[in-house]
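Protein chains in written order, with the working numbering: chain S, 535 to 797; chain C, 68 to 528.
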């Protein structure tokens, strides 16, 4: 069974491309032969039922699966045409270019300022206090958090509310000026109002960064993304424009999933 | 012996109460229309059993504390008591002898006067024995009957039992606190006696240590009681040399084991490291005295330090450091491993290396555990005696040269208490003053460490 890719996608240039990618945990195949082009200027959503492998595939895009000893990736994933699994590539550089936001907000137990400054410091992106201050302010502004926290930058990042923490994590990710931002169900631990704020933020970041978001919520995918890929049982079933996937799915399984027949 | 009888009696009665209450609860249960009780029958049983056993245990504890005094009073009321010497050692010896014969612990008396007290003792002992047994029975029955009468189908026995259990747990934790307090008070008492003979100024700031247990206790030579060399030796060996060895090695091994080692290696190395903590310190002492100390001396001589002694602070400190590596590494290991994976992922996803992640995220978050491990290690090193005796000698010496022999507070405490001096001699009492200062210093260290951790920790909750 092959992935159905809608024909009208050919117009977009690919930031990241996966070719025949399979991911294994030990002997278990979690992702089976996925090929996809992730566009530069759009938000791409991965949807699918629990355990379909969408998070696993997302984590293979910045090699976070490397931290799991039994995980193994086959096939080729490129960033701007460069194979990210090549032995010559420095994973540290890769992750600076492909940032990630996790399911549960995970700010460091440091001050809000230090949370943002962490990445620029380790990558040497800012020289001196003034430049660092500017990066922190710019990142917080972009994440829509500046007005809320500008008077308490020295407070602990863990003291913020869940939604603020998640925006802090997004600000932290954009502080190193990545090209791609991966979001692994960024709203699943948040209430509806905080979720709306994150979605608004994703809209604002759209165009500046290539964004890939994994989500359980089909409404969320429909609201924030322009491209949608549907995963099922480790395979990518269908990939196309979000509007097409939700209104004109080609595959029966996609149709069943988005109409709520399973998942 | 009577104590054993009382305890067995209490447990037997408790068992009886348990069985009776359970049987009664079962009759409630059978009688109730839906076969349900407010609490399970076993809770009814425990309720009654606890009401029997606990009051009895409290009584036994009190009784065993006051009964000997009552017995002695009864004996002293006997007509023969007039012949006893009025005070002190001899009077006590005679009474003890009579008591030993009366309880069957000794065959006959040495002092003829003691023979007259054997019979009064025997009578008093048996009288108070009976009183104890009767009161025990009385308390057990009263408690048991009170509890038993309260049993009803809707009696909330479970909640009561939970409350009693909570009280027992509270009492258990109080034991540790009260013991510490008791130790402290006894230390203070003897320390005050010592400071009555030697001024605290001379003791705390004097630089010569060499108490003479044979000297006249009435007029001690205060200049021989300067404890600075001991405090310095303790600090130098236990807190400086040993920590220079233990903190880096312990921390680095913890970091390697939690972050880099593969699980199979970790499964081997971690227990192997923890075995170090189980080696008796006297064995470390051998090693330090027979292998390390001579090696250090030879090495120092080859470098041109002709004065190097075969007993050195360095040898003791090094071995002590090795001994406490597991304290540091085990606690650090646990607390680093307890930092959530999300923190590690967050840092790695920012493009940080494992090394940066450890330094900037994991160690700050694990700091309380790491500092706790180091504090434990320091207390352990400061309290260590055997290694110092064997490798660093018992001669007090105020010097910053690690190749010289030195001694520590604990070594001198042992030396003073096991010496020939009598118990009210200042040389012996100085052991308590040393212990008191050691106690205060470790207390202060712990307090400061707690504050420091509170100030700098990065809590991830």
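Every residue, glycine too, gets a C-beta built ideally from N, C-alpha and C. Owing to the predicted nature of the structure, the values given are computational and were not obtained by experimental measurement.
field: CB contact flag (residue 591 of chain S, residue 635 of chain S, <8 Å)
entry: Not closer than 8 Å, so no.
- prompt: residue 68 of chain C by DSSP, collapsed to three states: which one?
  reply: Since pLDDT at residue 68 of chain C reaches only 49, below the 50 mark, its modelled position is unreliable, and the value read off the structure follows with that caveat. Reduced to three states, the DSSP call for residue 68 of chain C is coil.
query: Tell me which same chain residues have a C-beta within less than 7 Å of the C-beta of residue 450 of chain C, skipping the five on either side of it?
result: Setting aside the 5 residues that flank it on each side, residue 450 of chain C is surrounded in the same chain by 477, each with a C-beta closer than 7 Å to its C-beta; the list follows chain order.
query: So, does the CB of residue 607 of chain S fall closer than 8 Å to a CB anywhere in chain C?
result: By this cut-off, residue 607 of chain S is not an interface position.
- prompt: What separation, rounded to the nearest whole angstrom, lies between the Cα atoms of residue 796 of chain S and residue 596 of chain S?
  reply: Cα to Cα, the separation comes out at about 30 Å.
task: Put residue 573 of chain S into one of helix, strand or coil per three-state DSSP.
output: Looking at residue 573 of chain S - three-state DSSP - the assignment turns out to be strand.
task: Name the one or two DSSP bridge partners that residue 540 of chain S has.
output: In DSSP, residue 540 of chain S forms no bridge with anything.
- prompt: Could you give the residue range of the beta strand (DSSP E) that holds residue 550 of chain S?
  reply: Run containing residue 550 of chain S: 548 to 559, per the beta strand (DSSP E) assignment.
- prompt: Between which two residues does the alpha helix (DSSP H) containing residue 111 of chain C stretch?
  reply: 108 to 143 is the extent of the alpha helix (DSSP H) around residue 111 of chain C.
message: Bridge partners for residue 613 of chain S per DSSP, in chain order?
response: As a beta-bridge residue in DSSP terms, residue 613 of chain S pairs with S/550 and S/616.
- request: Inspect the beta-carbon positions of residue 220 of chain C and residue 99 of chain C and report whether they are closer than 8 Å.
  value: For residue 220 of chain C and residue 99 of chain C, yes; Cβs fall inside 8 Å.
- prompt: How long is the line joining the alpha carbons of residue 771 of chain S and residue 551 of chain S, rounded to whole angstroms?
  reply: Going from the Cα of residue 771 of chain S to the Cα of residue 551 of chain S covers about 17 Å.
- prompt: Who are the Cβ neighbours of residue 469 of chain C in its own chain at under 8 Å, not counting the five residues just before and after it?
  reply: Here the set comprises 303, 308, 379, 380, 381 and 384.
- prompt: At what residues does the beta strand (DSSP E) containing residue 420 of chain C begin and finish?
  reply: Counted as a single uninterrupted DSSP element, the stretch harbouring residue 420 of chain C is not any beta strand (DSSP E), since DSSP gives it neither H nor E.
Contact set between the region 396 to 420 of chain C and chain S, restricted to residues whose Cβ is under 8 Å from the partner: Result list: 407, 409, 410, 411, 412, 413, 414, 415, 416, 417, 418, 419 and 420.
task: Would you check if the distance between the CB atom of residue 579 of chain S and the CB atom of residue 758 of chain S is smaller than 8 Å?
output: Taking a C-beta distance under 8 Å as the contact criterion, residue 579 of chain S and residue 758 of chain S qualify as a contact pair.
query: Does the region 630 to 648 of chain S come within contact of the region 685 to 694 of chain S, defined as at least 3 CB pairs closer than 8 Å?
result: Enough Cβ pairs lie closer than 8 Å, so yes.
- request: Classify residue 717 of chain S as helix, strand or coil using the three-state DSSP reduction.
  value: Secondary structure at residue 717 of chain S: strand, using DSSP grouped into helix, strand and coil.
- prompt: I think residue 376 of chain C touches residue 257 of chain C, with their Cβ atoms under 8 Å apart; what is that distance to the nearest whole Å?
  reply: Taking a contact as a CB-CB distance under 8 Å, the pair residue 376 of chain C and residue 257 of chain C does not count as one, their CB atoms being some 34 Å apart.
task: Rounded to whole angstroms, what's the CA-CA distance from residue 92 of chain C to residue 82 of chain C? Just pull it up for me.
output: Computed Cα separation, rounded: 15 Å.
query: Exposed or buried, residue 68 of chain C, counting other C-beta atoms within 10 Å across all chains shown (16 or more means buried)?
result: The predicted position of residue 68 of chain C is uncertain, since its pLDDT is 49 and thus under 50; a value taken from the coordinates is nonetheless stated next. With a threshold of 16 other beta carbon atoms within 10 Å, residue 68 of chain C falls short and is exposed.
message: Taking 6 Å as the limit between beta carbons, can you name the residues of its chain near residue 498 of chain C, skipping five residues before and five after?
response: Only residues of its own chain outside the window of five on either side were considered, and among them 480, 483 and 484 have a CB closer than 6 Å to the CB of residue 498 of chain C, listed in chain order.
- prompt: Ends of the alpha helix (DSSP H) at residue 359 of chain C?
  reply: Where residue 359 of chain C is concerned, there is no enclosing alpha helix (DSSP H), given that its DSSP letter is neither H nor E.
message: Can you tell me whether residue 326 of chain C is helix, strand or coil according to DSSP?
response: Looking at residue 326 of chain C - three-state DSSP - the assignment turns out to be helix.
field: Three-state class that DSSP yields for residue 337 of chain C in the structure shown
entry: When secondary structure is reduced to three states using DSSP, residue 337 of chain C falls in the helix class.
message: At the 8 Å Cβ level, is residue 428 of chain C part of the contact set with chain S, yes or no?
response: Using a CB distance cut-off of 8 Å, residue 428 of chain C counts as an interface residue toward chain S.
task: Using the DSSP secondary-structure output, state which residues sit across from residue 774 of chain S in a beta bridge.
output: Residue 774 of chain S has S/762 as its beta-bridge partners, per DSSP.
query: What residues of chain S sit near residue 432 of chain C, judged by a beta carbon separation below 7 Å?
result: What residue 432 of chain C touches in chain S: 643.
Own chain, CB closer than 8 Å to residue 354 of chain C, minus 5 neighbours either side, in chain order: For residue 354 of chain C, same chain residues with a beta-carbon under 8 Å away, outside a window of 5 residues either side, are 386 in chain order.
task: Quick one: which residues of the region 558 to 574 of chain S get their C-beta closer than 8 Å to a C-beta of chain C? List them in chain order.
output: Identification of residues in the region 558 to 574 of chain S having a C-beta nearer than 8 Å to some C-beta of chain C yields an empty set.
query: Shorter than 8 Å from the beta carbon of residue 229 of chain C to some beta carbon of chain S?
result: For residue 229 of chain C, the answer is no, since every Cβ of chain S falls outside 8 Å of its Cβ.
query: Using a beta-carbon distance below 8 Å, is residue 636 of chain S in contact with chain C?
result: For residue 636 of chain S, a Cβ of chain C is located within less than 8 Å of the residue's own Cβ.
8 Å contact criterion, which residue 394 of chain C and residue 440 of chain C should meet: CB distance rounded: So it is a contact: roughly 6 Å between Cβ atoms.
DSSP three-state assignment for residue 642 of chain S, whether helix, strand or coil: The answer is coil: DSSP assigns residue 642 of chain S none of H, G, I, E or B.
message: With a threshold of 7 Å (Cβ to nearest heavy atom), would residue 442 of chain C be considered close to the ligand NAD?
response: No copy of the ligand NAD appears in this structure; indeed no ligand is present at all.
task: Taking all protein chains shown into account, decide if residue 399 of chain C is buried (16 or more other Cβ within 10 angstroms of its Cβ) or exposed.
output: It counts as buried.
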